[in-house]
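Student: Protein sequence lines, in the order shown, are assigned to chains A and B. The first sequence begins at -18 in the numbering used here and counts up by one. The second sequence begins at 103 in the numbering used here and counts up by one. We treat Cβ as the ideally placed atom computed from N, Cα and C, and that holds for glycine. These numbers were taken from a predicted model, which means no experiment stands behind them. Sharing a structure here in structure tokens format.
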Amino acid sequence: MIQMYHVYKTYSKDLEALVDVNLHIRKGECVFLAGPSGAGKSTLLRLIFRDELPTSGQILVNGRNVVRIKSRAIPHLRRTLGIVFQDFKLLRDRTVEQNLALVARIVGMPTPDARRRVAQLLKLVGLSHKAKIIPYKLSGGEQQRVAIARALMNDPAVLLADEPTGNLDPELAADVIRLLLDINAAGTTVLVATHDLKLAEEAGRRTIFLKKGRIVEEWP
Amino acid sequence: MVAKLRRIPADAIMNLVRSGWGGLSSIITIGVSFVIIGIFLLVILQMNALVAEWKEQFQLSVFLEDKISHTQLEILEERIRNESAVKSVTFITREQALANFRRELKGQESLLEGLGSNPLPASFQLKIREGYQSPAALDRLSAFLSRLEGVEDIQYGQEWIERISHAARIVKLLGLIIGSVLTLGSALIISNTIRLAVYARAAEIEIMRLVGATKAYIRAPFLVEGVLQGALGALLALGLLFGAYRLVAPALDLASPLLATTSDRGLLELSMVAAMVTGGAAIGALGSSLAVSRFLKM
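See below:
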């Protein structure tokens, strides 16, 4: 599903974000990318959804080499990935369902299908009763669940989560991780970047450890 | 495809409404900028209208010798009418000249009481064609007319002609320079205002980028929004200018260029309105497009 071969990302002589990263994530896996702040986790995810280009190396996502695709193909790549961020990145002036519906409009989903999909996903994340509410009125955990629902609008093959629990207290963090595991159980490949080793441990899934841009360890 | 295209103006209008005070301040800023340009244009148009009106009123007087015979008069009139510079000829008898003078002295007719005989000569009042009203052309005409038999004197306010021609040239030049500076300044102000409005939506643009929106999808509503803001700003300016002019013009008792009764174009003539609205829309579109492009580096 995601393959990286000898990937380097260097910003300057003193700043090597990723050094010779090789990894292979299979379809249907749930993998945690763990490590301290500055280890390169977010950089690795950004390369996958082509927010940046690697300095060298190849990255394949669902069989497509994302390093070599043209700029105009990037939006289409991102539609096959669902991305969740630490700061949720929800539109503050739109309701919960409008935030989800945005994705449907972007891909040109017919309105009845979009409505059905929004309702289905809000039910999945347990927020059907909050569809008409503006995100900033929700708790952090609820906002992240909305973000996860939005990431699933296109039924992506891969869900990328960059520190999804970074702004949440432990109880809410555990809720969000449980949700991601449920999504994985339904068939979506999930890759979670986190600095919280305890969360990764408790999830009990394959975990790749990054330190100073290098993969230093892997469980199991 | 049709649904996708329909969505663009719908999104633009929704964004404009959502932008609230930010969008309104953009429209007002554009409007104020156009008011400044519009006031300047009005002043220029007004001065042009005054010059045109003066030119329409302008007359050259050919004063005749007292002894001129009827036949000489007819020949002289014929020769004057045949001149290409002359638009029309009106003969003023000595009696009419005195009557006119008496009218001009309204309230002070007693000054004429000790006159005795009528000292005023008969004259031909000539209206001169537009292209012949320059100092050089009038000098040539005057020189020609003064050599004709029966002509005593020629008068046409030589000094004023030169002054007004000089003033008109300066007005045109200043108009060009100041107009260019104002237009450039306004364009920069408008562009910056729109850029600030777009920057305020940087988070929205980023989110759309990350969920898979194409550049065109992101840019299109902003472009239409910019067009709407620019056009609305220009219309606001036209409304303010027209309203202000209606208040001021009667007091100044000037020819109204707004109604385009002279040969110069009026502010509210359809082509001017279209030009300002189109200009506003274009500046709005350009400002939006440049501002959004800043965020679309993928």
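#1: In or out: residue 258 of chain B buried (at least 16 other Cβ within 10 Å) or exposed?
#2: With DSSP collapsed to three states, give me the class of residue 202 of chain A.
#3: Pull up the DSSP beta-bridge partners for residue 227 of chain B, would you.
#4: How about residue 171 of chain A: is its C-beta nearer than 8 Å to some C-beta of chain B?
#5: What is the rounded straight-line gap between the Cα of residue 361 of chain B and the Cα of residue 320 of chain B?
#6: Give a yes or no on whether 8 Å exceeds the smallest Cβ distance from residue 309 of chain B to chain A.
#7: For chain A, check one thing: does any of its Cβ atoms lie closer than 8 Å to the Cβ of residue 301 of chain B?
#8: Helix, strand or coil, according to DSSP, for residue 195 of chain A in the structure here?
#9: Give the DSSP-derived three-state secondary structure of residue -8 of chain A in the structure shown.
#10: Please name the residue in A/65, A/155, A/0 whose C-alpha comes closest to that of residue 141 of chain A.
#11: Determine which residues share a DSSP beta bridge with residue -14 of chain A and list them.
#12: My assumption, with CB atoms under 8 Å, is that residue 173 of chain A sits in contact with residue 13 of chain A. Please give the rounded CB distance.
#13: Would you call residue 287 of chain B buried or exposed, if buried means 16 or more other Cβ atoms sit within 10 Å of its Cβ?
#14: Quick one: which chain B residues come within Cβ less than 7 Å of residue 14 of chain A?
#15: From the DSSP output, in three-state form, read off residue 130 of chain B for me.
#16: To the nearest angstrom, how far is it from the Cα of residue 54 of chain A to the Cα of residue 149 of chain A?
#17: Residues of chain A with a CB under 9 Å from the CB of residue 312 of chain B: which are they?
#18: Applying a beta-carbon distance threshold of less than 7 Å, which residues of chain A neighbour residue 316 of chain B?
#19: On the CB-based measure, 16 or more other CB atoms within 10 Å of its CB, does residue 199 of chain A come out buried or exposed?
#20: State whether the region 239 to 254 of chain B contacts the region 107 to 124 of chain B, with contact taken as three or more CB pairs (one from each stretch) at a distance under 8 Å.
#21: Please return the same chain residues whose Cβ sits closer than 7 Å to the Cβ of residue 146 of chain A, not counting the five positions on each side in sequence.
#22: Assuming residue 122 of chain A is part of the alpha helix (DSSP H), what are its boundary residues?
#23: By the criterion of Cβ-Cβ separation under 7 Å, what are the contact partners of residue 319 of chain B in chain A?
#24: Using three-state DSSP, classify residue 328 of chain B as helix, strand or coil.
#25: Which of the three DSSP states, helix, strand or coil, is assigned to residue 61 of chain A?
#26: Taking the Cβ atom as the reference point for each residue, do residue 6 of chain A and residue 170 of chain A lie within a distance shorter than 8 Å?
#27: With three or more beta-carbon pairs closer than 8 Å as the criterion, would you say the region 192 to 210 of chain B touches the region 280 to 299 of chain B?
#28: Does residue 380 of chain B come out as helix, strand or coil in the three-state DSSP assignment?
#29: Along the beta strand (DSSP E) that carries residue 142 of chain A, what are the first and last residues, could you check?
#30: How about residue 125 of chain B and residue 335 of chain B: are their beta carbons less than 8 Å apart?
#31: Inspect the beta-carbon positions of residue 327 of chain B and residue 107 of chain B and report whether they are closer than 8 Å.
#32: Quick one: measure Cβ to Cβ for residue 266 of chain B and residue 156 of chain B, integer angstroms, because I've assumed they're closer than 8 Å.
#33: Tell me the residue span of the beta strand (DSSP E) that contains residue 15 of chain A.
#34: Note the first and the last residue of the continuous beta strand (DSSP E) segment covering residue 257 of chain B.
#35: Looking at the unbroken beta strand (DSSP E) that takes in residue 167 of chain A, where does it start and where does it end?
#36: Can you tell me which of A/-5, A/104, A/27, A/56 puts its alpha carbon nearest to the alpha carbon of residue 143 of chain A?
Tutor: The answer reads as follows:
#1: As a first step, residue 258 of chain B must be located in the second sequence, where it is residue number 156. With 16 or more Cβ atoms within 10 Å of its Cβ, residue 258 of chain B is classed as buried.
#2: Only positions -18 to 201 of chain A appear in this structure, which leaves residue 202 of chain A out of reach.
#3: As a first step, residue 227 of chain B must be located in the second sequence, where it is residue number 125. Per DSSP, B/163, B/192.
#4: As a first step, residue 171 of chain A is located in the first sequence; it is residue number 190 there, counting from the start. No, its Cβ sits nowhere closer than 8 Å to a Cβ of chain B.
#5: The residue labelled residue 361 of chain B in the question sits at position 259 within the second sequence. The residue labelled residue 320 of chain B in the question sits at position 218 within the second sequence. Only weak support is given to the placement of residue 361 of chain B: the predicted model assigns it a pLDDT of 44, under 50, and the value that follows is read from those uncertain coordinates. When only Cα atoms are considered, residue 361 of chain B and residue 320 of chain B end up about 43 Å apart.
#6: In the second sequence, residue 309 of chain B corresponds to position 207, counting from 1. For residue 309 of chain B, the answer is yes, since a Cβ of chain A falls inside 8 Å of its Cβ.
#7: Taking the second sequence and counting its residues from 1, the one referred to as residue 301 of chain B is at position 199. Output row for residue 301 of chain B: interface = no.
#8: Taking the first residue of the first sequence as 1, we reach residue 195 of chain A at position 214. Strand.
#9: Indexing the first sequence from 1 puts residue -8 of chain A at position 11. Strand.
#10: Against the first sequence, residue 141 of chain A aligns to sequence position 160. The option with the nearest alpha carbon to residue 141 of chain A is A/65.
#11: In the first sequence, residue -14 of chain A corresponds to position 5, counting from 1. As a beta-bridge residue in DSSP terms, residue -14 of chain A pairs with A/39.
#12: In the first sequence, counting from the first residue as 1, residue 173 of chain A sits at position 192. In the first sequence, counting from the first residue as 1, residue 13 of chain A sits at position 32. Rounded, the Cβ-Cβ distance is 5 Å, consistent with contact.
#13: For the purposes of this step, residue 287 of chain B is taken as residue 185 along the second sequence, with counting starting at 1. Residue 287 of chain B should be labelled exposed.
#14: On the first sequence, position 33 is the one that residue 14 of chain A refers to. Ordered by position in chain B, no residue passes the 7 Å Cβ test against residue 14 of chain A, which lies about 19 Å from the chain.
#15: Taking the first residue of the second sequence as position 1, residue 130 of chain B is located at position 28. The three-state reading of DSSP puts residue 130 of chain B in helix, counting H, G and I together.
#16: Taking the first residue of the first sequence as 1, we reach residue 54 of chain A at position 73. Taking the first residue of the first sequence as 1, we reach residue 149 of chain A at position 168. Each residue's Cα considered, the two are about 34 Å apart.
#17: As a working mapping, residue 312 of chain B is identified with position 210 in the second sequence. Neighbours of residue 312 of chain B on chain A, chain order: 30, 32, 59, 64, 66, 70.
#18: Position 214 of the second sequence, counted from the start, is the residue given in the question as residue 316 of chain B. Correct list: 56.
#19: Position 218 of the first sequence, counting from 1, holds the residue named residue 199 of chain A. Label assigned to residue 199 of chain A: exposed.
#20: Below 8 Å, too few C-beta pairs join the region 239 to 254 of chain B and the region 107 to 124 of chain B to call them touching: fewer than three.
#21: The residue you call residue 146 of chain A lines up with position 165 of the first sequence. Cβ neighbours of residue 146 of chain A beyond the five flanking positions: 154, 157, 158, 175, 177, 180.
#22: Counting from one through the first sequence, the residue named residue 122 of chain A turns up at place 141. Residue 122 of chain A -> alpha helix (DSSP H) spans 121 to 132.
#23: For the purposes of this step, residue 319 of chain B is taken as the residue at position 217 of the second sequence. Neighbours of residue 319 of chain B on chain A, chain order: 87.
#24: Here the question's residue 328 of chain B lines up with position 226 in the second sequence. DSSP places residue 328 of chain B in helix when its eight states are reduced to three.
#25: Against the first sequence, residue 61 of chain A aligns to sequence position 80. Looking at residue 61 of chain A - three-state DSSP - the assignment turns out to be coil, as it is neither helix nor strand.
#26: Here residue 6 of chain A refers to the residue found at position 25 of the first sequence. Here residue 170 of chain A refers to the residue found at position 189 of the first sequence. Yes; because the gap between Cβ atoms is below 8 Å, this pair is in contact.
#27: no
#28: Mapped onto the second sequence, residue 380 of chain B falls at position 278. Three-state DSSP puts residue 380 of chain B in a helix.
#29: Reading the first sequence from its first residue, position 161 is the one you call residue 142 of chain A. First-last of the beta strand (DSSP E) with residue 142 of chain A: 139 to 143.
#30: As a position in the second sequence, residue 125 of chain B is number 23, starting the count at 1. As a position in the second sequence, residue 335 of chain B is number 233, starting the count at 1. Their beta carbons are not under 8 Å apart, which means residue 125 of chain B does not touch residue 335 of chain B by this criterion.
#31: As a position in the second sequence, residue 327 of chain B is number 225, starting the count at 1. As a position in the second sequence, residue 107 of chain B is number 5, starting the count at 1. No, these two residues do not count as a Cβ contact at 8 Å.
#32: Locating residue 266 of chain B in the second sequence gives position 164, where the first residue counts as 1. Locating residue 156 of chain B in the second sequence gives position 54, where the first residue counts as 1. With 8 Å as the limit, residue 266 of chain B and residue 156 of chain B qualify as a contact, their Cβ atoms being about 7 Å apart.
#33: The residue given as residue 15 of chain A occupies position 34 in the first sequence. Its beta strand (DSSP E) spans residues 11 to 15.
#34: In the second sequence, residue 257 of chain B corresponds to position 155, counting from 1. Taken as a continuous stretch (DSSP letters only), the beta strand (DSSP E) holding residue 257 of chain B covers 253 to 257.
#35: Within the first sequence, residue 167 of chain A is the residue found at index 186, counting from 1. From DSSP, residue 167 of chain A is part of no beta strand (DSSP E); its letter is neither H nor E.
#36: Within the first sequence, the letter at position 162 stands for residue 143 of chain A. Of the listed residues, the one whose Cα sits closest to residue 143 of chain A is A/27.
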